[in-house]
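**Q**
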Amino acid sequence: MERFSIASFTQNHQHNPGKRALSQQGYGIIGKLYQGATSFELGYYHAGAGSGDQTPVFSGVFIGDGSASGLTSLDALSKQTDLWVQALYLRNGSRADYVLGGFGKAGGTGNPGQARQALAMGIKYDF
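Have a look at this one:
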């Protein structure tokens with residue numbers, strides 16, 4: 001039996017309201033296909049250019065032109081074997097330096113504009 005679901009969201013972050021607030025808007029869309037014991041997921045997440053005057057070291061938000069980023073994620077999960085695979089591609093704007101947390105050397109910090117990619121796999125088997 002095949003089923004398909006789709007979801008989306010928008011977000012608006014505000015930091016330190018009233019003090020030249022740092023803000024950032026973003027959105028995401030994700031689709032999931034269930035096919036028997038396996039599911040496939042494709043998602044896109046967008047972090048808009050930040051505005052304000054705080055540093056990214058403090059807030060984690062990059063500001064100004066070229067600071068937007070997009071993350072594409074493709075996932076597969078098999079419930080029968082507890083096998084999962086995830087492929088990620090992060091396209092940073094020319095002034096953005098977002099990283100893929102938890103993926104070690106998937107692009108170091110200090111390289112604004114660098115695209116990053118990662119592949120993760122896992123398996124669990126109970127004897």
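The opening residue of the sequence shown carries number 1 in UniProt numbering; numbering runs sequentially from there.
Each residue gets a CB set at the ideal place from its N, CA and C atoms; glycine is no exception.
1. Per the contact definition of three or more C-beta pairs closer than 8 Å, is the stretch 79–88 in contact with the stretch 45–54?
2. Taking the alpha carbon of glycine 28 as the point to measure from, which residue in Arg3, Ala21, Gln14, Leu71 has its own alpha carbon closest?
3. In whole angstroms, what is the alpha-carbon distance linking aspartate 65 and alanine 47?
4. Applying the 10 Å Cβ sphere with the 16-neighbour rule, what's the burial state of serine 94?
5. I'd like the list of long-range same chain contacts for threonine 10, defined as Cβ closer than 6 Å, with 5 residues on each side in sequence excluded.
**A** Per the coordinate set shown:
1. With the rule of 3 Cβ pairs closer than 8 Å, the stretch 45–54 does not count as touching the stretch 79–88.
2. Your numbering for residue 28 matches position 28 in the sequence shown. It is Leu71 whose Cα lies nearest to the Cα of glycine 28.
3. Taking the first residue of the sequence shown as 1, we reach residue 65 at position 65. Taking the first residue of the sequence shown as 1, we reach residue 47 at position 47. Taking the straight line joining both Cα atoms gives about 13 Å.
4. As a working note, residue 94 is residue 94 in the sequence shown. Taking every protein chain shown into account, the CB of serine 94 has fewer than 16 other CB atoms within 10 angstroms, so this residue is exposed.
5. Within the sequence shown, numbered from 1, the residue matching residue 10 stands at position 10. When the five nearest sequence neighbours on each side are left out, the beta carbons in the same chain lying within less than 6 Å of the beta carbon of threonine 10 are those of Tyr27, in order along the chain.
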